[in-house]
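At the far end of the sequence shown sits residue 234, using the working numbering, and the numbering has no gaps. Ideal Cβ placement from N, Cα and C applies to all residues, glycine included.
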Amino acid sequence: NTLFTYTDSGGGSWGSEEQLVNSVDPVETTSFGSSLSFSSDGTKLVTNLNSTKDTLYPDTNATVYVVLGNQSNLGIRYSLDGGGTWANGTGSILYATDGSVHYNGKIWVVTSNIGTDRLAYSTNGITWTEVGGISNPRTAVYGAGKWIVINDTTTIRYSTDGISWNTHTSSLSIGIGSVGNVGYNGSVFIANSGTSIVRSLDGLNYVVVATSSAQRGYKYGNGRWLGYTGTPANWRYSDDNGATWPLLSSL
């Protein structure tokens, strides 16, 4: 567990929460509020670069950092010095008010809620290629040997390499809710479907495991899933790999 500091008031007030860092993706970082992003070990800090949805991921060698801004002149940006200085990535004009940045050790995938081609990939975090035909991707996650992109509908896009993308039709609409609402812990995917929490072994086929419990996002660590939302009183957890989801306050 990692203790991180966050602000929801533009730096006016501060609080702390215990973050359950995904053991499969230990370099993952999360931004809370609209001002700052912290690395999972608390050692890296990124100012908001006029962005409301900064999400920062380093590569496995911690040599490249990528952030997605919410203005056209501050879209995909990268840093080679641990966040000290930033430059615009090339080959893509993606920016987002609701977007995500992910890295699986080989390739970066960025999703955006603005524009026509709303997904881009990069092998170095600097030069980007946009992918056509993927509309309104909520977020991307890598697990079970493939990338999964959900978009609030029954259409799930997936790719084994992050470059060529296929389509799967789910029996449920996956991804209803805020960006970041799908997680993977090495064995199961957890996501939203309407007001329900759903679970999948392959990222494509989901079953409902809890109703009236949809969360903003899902993280896994130390044997526990955490489902978090804007109201801490409504946070939920699972100690049985996503089968049941009691309120965190019941612990």
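Query raised in the report: Is the beta carbon of residue 175 sitting closer than 8 Å to the one on residue 193?
Result: no
Query raised in the report: With 16 other CB atoms within 10 Å as the buried threshold, where does residue 149 fall?
Result: exposed
Report task. Ignore the nearest five residues each way along the sequence and tell me which others in residue 231's own chain have a CB closer than 7 Å to its CB. Result -> 218, 219 and 220
**Report entry** Bridge-paired residues (DSSP) for residue 183
**Finding:** 172
Query raised in the report: Per DSSP, which one or two residues make a beta bridge with residue 165?
Result: 174
Report task. Might you give, ordered along the chain, the residues of its own chain that have their beta carbon closer than 8 Å to the beta carbon of residue 138, omitting 5 neighbours on each side? Result -> 150, 151, 152 and 153
Query raised in the report: First and last residue of the beta strand (DSSP E) that includes residue 204?
Result: 200 to 204
Query raised in the report: In chain order, what residues of the same chain lie with their CB nearer than 7 Å to the CB of residue 135, ignoring the 5 residues before and after it?
Result: 119, 121, 156, 158 and 159
Query raised in the report: If you drop the 5 nearest sequence neighbours on each side, which residues of the same chain put their C-beta closer than 8 Å to that of residue 226?
Result: 182 and 192
Query - Nearest-angstrom Cα separation, counted from residue 144 out to residue 103 - result: 13 Å
Report task. Sort 167, 189 and 234 by Cα distance to residue 203 and report the nearest one. Result -> 167
Query raised in the report: Is the CB-CB distance between residue 84 and residue 61 below 8 Å?
Result: no
Query raised in the report: On the three-state DSSP scale, how would you describe residue 231?
Result: helix
Report task. Grab me the residues of residue 106's own chain with a C-beta within less than 6 Å of its C-beta, minus the 5 sequence neighbours each way, in chain order. Result -> 90
Query raised in the report: In this structure, does DSSP put residue 70 in helix, strand or coil?
Result: strand
Report task. Classify residue 214 as helix, strand or coil using the three-state DSSP reduction. Result -> coil
Requested in this report: Report yes if the C-beta distance between residue 108 and residue 49 is below 8 Å; otherwise report no.
Outcome: yes
Query raised in the report: Is residue 123 buried or exposed, if buried means 16 or more other CB atoms sit within 10 Å of its CB?
Result: buried
Query raised in the report: According to the Cβ coordinates, are residue 77 and residue 58 closer than 8 Å?
Result: yes
Query raised in the report: Run through DSSP, which three-state label would residue 102 get?
Result: strand
Report task. For the beta strand (DSSP E) containing residue 124, list its first residue and its last residue. Result -> 122 to 126
Query raised in the report: Excluding the five sequence neighbours on either side, which residues of its own chain have a C-beta within less than 8 Å of the C-beta of residue 187, listed in chain order?
Result: 131, 139, 141, 151 and 153
Query - Contact check, residue 125 vs residue 164, beta carbons under 8 Å - result: no
Requested in this report: For the beta strand (DSSP E) containing residue 157, list its first residue and its last residue.
Outcome: 149 to 157
Query raised in the report: Given residue 72, which residues of its chain have a CB within under 8 Å of its CB, disregarding the five upstream and five downstream residues?
Result: 49, 58, 59, 60, 61, 105, 108, 109, 110 and 111
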